[in-house]
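Novice:
Residue numbers (full-length UniProt numbering), protein chains in the order written: chain A, 1 to 145; chain B, 1 to 168.
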């Protein structure tokens, strides 16, 4: 390409009015071996842009395992609910619970138990007193013999 | 859309997203992370991606926004992006060594304002049409041309200055 022509395109380039095709021509010209002496100062710009284009990402990107993850979390929550439900349930059912009738019977039972206890206590007290009578009999026999 | 289909869809423009991220974020690691992040976002919204006429343009817009956000949050927390890389691959490293001028161009490009960096990247490196760039950046062609012209002139002027003073 003629250097006069290049200069024209170059001026347009700096004004931002070149087409992609013209820019491609500039690229090719400045990255070729024969660049005119008065244009050589622009060469690094186009060489730099060419180098910039060759850069590559060196890291592989990773995607999260989205599908299995959602299933897993779903299972976790289901399992947690089951455990909690089981805990609460077993606690509830381990507590004895009676119907109204049974409760009344139980209260009656407690009352009669107390009454029996009272009776037997008093009976015992009476039995204790009997030992004195027994002692009296023994002493009396000793004296009268 | 399953994994294989998704990868087949996004793989062709992975390097493009990486180069754009690197142009904005400068750091190689940051750029790799940005690409990964953008792909994850695309993957989680994969039901929508099929509705877009041009998934690549959509991905580029996402990448640009993500990188700019990243930059903003870094600046807000007063953290400088640490980048220990300049060489990108052995191949490119050799080329840079062979041509100091190229290295200077890269350094100059780093100093451009973000918007100019992005436009220069999308046009001069990735060779997109102005209409495509305008859509990606939610702008219009005239504004893109103006930004591009500024970026190109800045690079040129900085280049010539360095050459004249014999630096580099």
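Ideal placement from N, C-alpha and C gives every residue a C-beta, glycine not left out.
#1: Mind checking the stretch 111-141 of chain B against chain C and listing, in chain order, the residues whose C-beta falls within less than 7 Å of any C-beta there?
#2: Classify residue 152 of chain B: buried if its beta carbon has 16 or more other beta carbons within 10 angstroms, exposed otherwise.
#3: Please work out which residues of its chain come closer than 6 Å, Cβ to Cβ, to residue 56 of chain B, disregarding the five sequence neighbours upstream and downstream, and give them in chain order.
#4: Check this for me: beta carbons of residue 118 of chain B and residue 134 of chain B, under 8 Å apart or not?
#5: Which of the three DSSP states is assigned to residue 116 of chain B in this structure?
#6: Going along chain A in order, which residues have a C-beta closer than 8 Å to the C-beta of residue 39 of chain B?
#7: For the alpha helix (DSSP H) containing residue 63 of chain A, name the first residue and the last one.
#8: Output needed for residue 137 of chain B: all residues of its chain with C-beta closer than 6 Å, excluding positions within five of it in sequence on either side, in chain order.
#9: Once DSSP output is grouped into helix, strand and coil, what is the label at residue 56 of chain A?
#10: What number of angstroms, rounded off, separates the C-alpha of residue 126 of chain B from the C-alpha of residue 52 of chain B?
#11: Taking 8 Å as the threshold, find out whether the stretch 15-30 of chain B comes into contact with the stretch 54-62 of chain A through three or more Cβ pairs.
#12: Under the three-state reduction of DSSP, which class applies to residue 171 of chain B: helix, strand or coil?
#13: Could you list which residues in chain B have their beta carbon closer than 8 Å to that of residue 29 of chain A, in chain order?
#14: Beta-carbon separation of residue 48 of chain A and residue 148 of chain B under 8 Å?
#15: For the putative contact between residue 62 of chain B and residue 41 of chain B, defined by C-beta atoms under 8 Å, what is the C-beta separation to the nearest angstrom?
#16: With 8 Å set as the bound, which would you pick, yes or no: does the beta-carbon of residue 13 of chain B sit closer than that to a beta-carbon of chain A?
#17: Measuring alpha carbon to alpha carbon, tell me which of A:51, A:26 and A:53 ends up nearest residue 42 of chain A.
#18: Give the secondary structure of residue 6 of chain A by DSSP, where H, G and I count as helix, E and B as strand, and everything else as coil.
Specialist: On the basis of the data shown:
#1: In the structure shown, chain C does not exist; the protein chains are A and B.
#2: Start at 1 with the first residue of the second chain, and residue 152 of chain B comes out as number 152. Residue 152 of chain B is buried by the Cβ-count criterion.
#3: By one-based count along the second chain, residue 56 of chain B stands at place 56. Cβ neighbours of residue 56 of chain B beyond the five flanking positions: 13.
#4: Walking along the second chain from the start, residue 118 of chain B turns up at place 118. Walking along the second chain from the start, residue 134 of chain B turns up at place 134. No, the pair does not count as a contact, with Cβ atoms beyond the cut-off.
#5: Here residue 116 of chain B refers to the residue found at position 116 of the second chain. The DSSP-derived three-state label of residue 116 of chain B is helix.
#6: Here residue 39 of chain B refers to the residue found at position 39 when the second chain is read from its first residue. Near residue 39 of chain B (Cβ distances below 8 Å), the residues of chain A are 61 and 63.
#7: Numbered from 1 along the first chain, position 63 holds the residue referred to as residue 63 of chain A. Counting along the chain, residue 63 of chain A falls outside any alpha helix (DSSP H), and DSSP gives it neither H nor E.
#8: The count along the second chain starts at 1 and reaches residue 137 of chain B at position 137. If we look at residue 137 of chain B and ignore the five residues flanking it on each side, it has no Cβ neighbours.
#9: Taking the first chain and counting its residues from 1, one reaches residue 56 of chain A at position 56. Coil at residue 56 of chain A, not helix or strand.
#10: In the second chain, counting from the first residue as 1, residue 126 of chain B sits at position 126. In the second chain, counting from the first residue as 1, residue 52 of chain B sits at position 52. Distance between the alpha carbons of residue 126 of chain B and residue 52 of chain B is about 21 Å.
#11: Because the criterion of three Cβ pairs below 8 Å is met, the stretch 15-30 of chain B and the stretch 54-62 of chain A touch.
#12: The first residue shown for chain B is 1 and the last is 168, placing residue 171 of chain B beyond what the model contains.
#13: For the purposes of this step, residue 29 of chain A is taken as residue 29 along the first chain, with counting starting at 1. Ordered by position in chain B, no residue passes the 8 Å Cβ test against residue 29 of chain A, which lies about 15 Å from the chain.
#14: Here residue 48 of chain A refers to the residue found at position 48 of the first chain. Here residue 148 of chain B refers to the residue found at position 148 of the second chain. Their beta carbons are not under 8 Å apart, which means residue 48 of chain A does not touch residue 148 of chain B by this criterion.
#15: Here residue 62 of chain B refers to the residue found at position 62 when the second chain is read from its first residue. Here residue 41 of chain B refers to the residue found at position 41 when the second chain is read from its first residue. Contact holds; Cβ gap of about 6 Å.
#16: Indexing the second chain from 1 puts residue 13 of chain B at position 13. It does not; no Cβ of chain A falls within 8 Å.
#17: Within the first chain, numbered from 1, the residue matching residue 42 of chain A stands at position 42. Checked all of A:51, A:26 and A:53; the closest Cα to residue 42 of chain A is A:26.
#18: As a first step, residue 6 of chain A must be located in the first chain, where it is residue number 6. In this structure, residue 6 of chain A counts as helix in the three-state DSSP scheme.
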